[in-house]
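Working notes, structure below.
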Amino acid sequence: MDFSNFLAFFANSGFAYFTWQNLLMIVIGSLLIYVAIVKHAEPLLLIPIGFGIILANIPPEVTGLLNPPTANQVGGLLWYIQRGMFLGVYPPLIFLGIGAITDFSYLIADPRLIFLGAAAQVGIFGTFIVANLMGFDIHSAASIAIIGGADGPTSIYLASKFSPQLLAIIAIAAYSYIALIPILQPPVSRLLTSKEERKIRMKRMRHVSKKEKIIFPIATTIVVALLVPKAISLVGLLMLGNLLKESGVTKRLAEAASRFILDSVTILLMLSVGSTARADIFLKPQSLKIFALGAVAFIIAMTSGILFAKLMNLFSKDKINPLIGAAGVSAVPDSARVAQTVAQSEDPSNFILMHAMGPNVAGVIGSAVAAGVFLSILS
Numbered sequence: 001m002d003f004s005n006f007l008a009f010f011a012n013s014g015f016a017y018f019t020w021q022n023l024l025m026i027v028i029g030s031l032l033i034y035v036a037i038v039k040h041a042e043p044l045l046l047i048p049i050g051f052g053i054i055l056a057n058i059p060p061e062v063t064g065l066l067n068p069p070t071a072n073q074v075g076g077l078l079w080y081i082q083r084g085m086f087l088g089v090y091p092p093l094i095f096l097g098i099g100a101i102t103d104f105s106y107l108i109a110d111p112r113l114i115f116l117g118a119a120a121q122v123g124i125f126g127t128f129i130v131a132n133l134m135g136f137d138i139h140s141a142a143s144i145a146i147i148g149g150a151d152g153p154t155s156i157y158l159a160s161k162f163s164p165q166l167l168a169i170i171a172i173a174a175y176s177y178i179a180l181i182p183i184l185q186p187p188v189s190r191l192l193t194s195k196e197e198r199k200i201r202m203k204r205m206r207h208v209s210k211k212e213k214i215i216f217p218i219a220t221t222i223v224v225a226l227l228v229p230k231a232i233s234l235v236g237l238l239m240l241g242n243l244l245k246e247s248g249v250t251k252r253l254a255e256a257a258s259r260f261i262l263d264s265v266t267i268l269l270m271l272s273v274g275s276t277a278r279a280d281i282f283l284k285p286q287s288l289k290i291f292a293l294g295a296v297a298f299i300i301a302m303t304s305g306i307l308f309a310k311l312m313n314l315f316s317k318d319k320i321n322p323l324i325g326a327a328g329v330s331a332v333p334d335s336a337r338v339a340q341t342v343a344q345s346e347d348p349s350n351f352i353l354m355h356a357m358g359p360n361v362a363g364v365i366g367s368a369v370a371a372g373v374f375l376s377i378l379s
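In terms of full-length UniProt numbering, the sequence shown opens at residue 1 and continues consecutively.
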């Protein structure tokens, strides 16, 4: 091989376009995969995100994976996969699958718990104000604020509508903080509650009938559609999935939604998120601001949920363990499990997991409604 052939080969390889920024992003992608595998931190999410980051930062000039289609050439594979994210198709399908595996009976049995899920959304609107004051425009501020709902699909859905250029960092921040819930939630919960409050035992929940479980998704869809029409893409698919589960006559469809659709779309959505994290987009000072705002949003959300539970106790005969207020973020079921762990650290015989699931599933609806509010007001 003569030297000119070698130069021609090099010019057409990835090394000709490779930069230290690409290398840094590949390291970040590899680190996410490492954390997912070794620490078991949201592996279903972080592994495809990390691999997408690696694929996107092998210079696309040579791989063509991100090339848009032209009149003479088809687009790259990742470009087509990303369309489902940017067009807002993947997040509602994720909600369909989530609905098919979610049990709303905890919320139906004690409807007052919906207020804890609503209170946790203060983190979203509080962060929206802070982000706007820090210099982000209102659309970017709204997209960043949804991180406080601990709801990755909703964060992605709103960012794809309002701030596609920030989508990668918003999505990765959202899922990173979801993975950090076991670390973030306990100290906030202990700081804001007394030992006596953490020991509060809640009365056993009543039995919820099949009829109630069937009526709930239908009624919720109608109410949300009338109040916040822009939220119906997410809430409607969430409730459809739940109706398939609870009806008792669509077991195959519920299984398809909860397993095959949910798992397949999760791979495509997470790969899309990772592949938008290119070095020229991700490595900017605003990325650090977004990560910081994400932490603020989470802390405000958990704090508001706990404090509202304590406020409700001033007027309630049946006391609420304030720890379940922190579960008002929509990271189902992680935040509910953490609330149970903190409660049992004080009293091993105290079981509040079922009660914590009430505000937890209410938070799923709440974050979707919050996104719908932003879409209605800011579109």
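By construction, the Cβ of each residue, glycine as well, lies at the ideal position given by its N, Cα and C atoms.
- Straight across, the Cα-Cα distance linking His139 with Ala36 is about 31 angstroms.
- With a threshold of 16 other beta carbon atoms within 10 Å, His355 meets it and is buried.
- Note on geometry: alpha-carbon atoms of Val74 and Ser30 lie some 30 angstroms from one another.
- Counting C-beta pairs with one atom in each stretch, the region 316–336 and the region 345–361 have three or more that are closer than 8 angstroms, which means they touch.
- Under the Cβ criterion (8 angstroms, minimum of three pairs), the region 305–315 does not count as touching the region 336–351.
- For Leu77, the closest C-alpha among the options Ile144, Gly305, Ala56 and Leu227 is that of Ala56.
- In terms of CA proximity to Ile300, Gly328 leads the group Ala109, Gly328 and Leu23.
- Take Glu212, set aside five residues on each side of it, and the residues of its chain with a beta-carbon closer than 7 angstroms to its own are Ile108, in chain order.
- Assignment of Ala71 by DSSP, reduced to helix, strand and coil, places it in the coil class.
- Collapsing the DSSP output to three states places Arg278 in coil.
- DSSP places Gly50 inside the alpha helix (DSSP H), whose first and last residues are Pro43 to Ala56.
- Inclusion of Ser304 and Ala174 in the CB contact set at 7 angstroms is not warranted, their separation being larger than that value.
- Residues Ile81, Gly84 and Tyr90 of the same chain have their beta carbon placed closer than 7 angstroms to that of Leu268, with the five preceding and five following residues left out of the count.
- The C-beta distance from Thr102 to Asn313 rounds to 27 angstroms, too long to fall under 8 angstroms, and the pair is not in contact.
- For Met85, the enclosing alpha helix (DSSP H) begins and ends at Leu77 to Phe86.
- If you look at Gly328, you'll find it isn't in any alpha helix (DSSP H); DSSP assigns it neither H nor E.
- In this chain, the alpha helix (DSSP H) harbouring Gly236 covers Ile232 to Glu246.
- Taking a cut-off of 8 angstroms on C-beta distances, the region 177–191 does not touch the region 358–370, as fewer than three cross pairs fall below it.
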